[in-house]
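Our numbering applies: residue 157 is where the sequence shown begins, and numbers increase by one.
Just so you know, even glycine gets a beta-carbon here, dropped at the ideal spot from N, CA and C.
This report concerns only the one structure given below.
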Amino acid sequence: MQPPGSGSARSALGAVALALLLIGSADAGEWLPLAKDRIHDPRGPGIGVLQEPREALSQLTPDTAGNQVLWMNALIEGEITPRPSLRADTKVNILDLDVILKRTATMYYVRFPHRQHTEWLDCKQCHPALFEEKAGATPLNMMMILMGEKCGVCHGAVAFPLTECNRCHSVPWTNGPVGKH
Numbered sequence: 157m158q159p160p161g162s163g164s165a166r167s168a169l170g171a172v173a174l175a176l177l178l179i180g181s182a183d184a185g186e187w188l189p190l191a192k193d194r195i196h197d198p199r200g201p202g203i204g205v206l207q208e209p210r211e212a213l214s215q216l217t218p219d220t221a222g223n224q225v226l227w228m229n230a231l232i233e234g235e236i237t238p239r240p241s242l243r244a245d246t247k248v249n250i251l252d253l254d255v256i257l258k259r260t261a262t263m264y265y266v267r268f269p270h271r272q273h274t275e276w277l278d279c280k281q282c283h284p285a286l287f288e289e290k291a292g293a294t295p296l297n298m299m300m301i302l303m304g305e306k307c308g309v310c311h312g313a314v315a316f317p318l319t320e321c322n323r324c325h326s327v328p329w330t331n332g333p334v335g336k337h
């Protein structure tokens, strides 16, 4: 792979960004039936057992992106009570710590809220396989994320999509951008 900023890397990034924009452009409240979503096998036994997205998701706090649900609001409002783990003996460790990532080139800094993530996931889901626990020890850039690595393992798949830039890039610079890294 060529370094970010090179011609073909920029083209690839642009193509991925365009695809994400097209995927995330569905109207709110429009969920395909499982048998027509091109993910589930319409002839498989799960089709008769699984709850249809319209039935499940239309009752939750609406969003305009991704699967059209503001999941953290749904959690905070008590609309959902997710299981912390498939194993009943897993101890839930909610960490109320925000990390500010400043190597964001010309974008606003990224605020990574551990609390919102640890209300859903056990720390072992991300550490150390996706992220080292030491600040700055894990290489991270948007190309990696857009290619489904690091943050992109969930965002763009089961969490809000990568087209919602301002949800992560939400912290204004204190003295201008740190620089291109």
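{"Item": "Other residues of its chain near residue 186: CB distance less than 8 Å, five sequence neighbours each side excluded", "Value": "224"}
{"Item": "DSSP bridge partner residues for residue 239 (one or two, in chain order)", "Value": "Beta-bridge pairing links residue 239 to no other residue."}
{"Item": "Straight-line Cα distance separating residue 333 from residue 241", "Value": "39 Å"}
{"Item": "Cβ neighbours of residue 270 in the same chain (closer than 6 Å, five flanking residues each side left out)", "Value": "251 and 253"}
{"Item": "Assumed close pair residue 308, residue 296 - CB separation to whole angstroms, cut-off 8 Å", "Value": "Incorrect: roughly 10 Å between the Cβ atoms, too far for contact."}
{"Item": "Cross-strand partners of residue 256 (DSSP beta bridge)", "Value": "267"}
{"Item": "Beta-carbon proximity check, residue 256 vs residue 327, cutoff 8 Å", "Value": "yes"}
{"Item": "Proximity of residue 190 and residue 208 at Cβ, strictly below 8 Å", "Value": "yes"}
{"Item": "CB of residue 286 within 8 Å of CB of residue 306, strictly", "Value": "yes"}
{"Item": "Pairwise C-alpha distance: residue 321 and residue 184", "Value": "With a pLDDT of only 47 at residue 184, under the threshold of 50, the placement of this residue in the model should not be trusted, and no figure is reported."}
{"Item": "Spatial distance of residue 203 from residue 244 (CA atoms)", "Value": "27 Å"}
{"Item": "Per-residue DSSP class, three states only, for residue 205", "Value": "coil"}
{"Item": "Residue 218 - partner residues in DSSP beta bridges", "Value": "225"}
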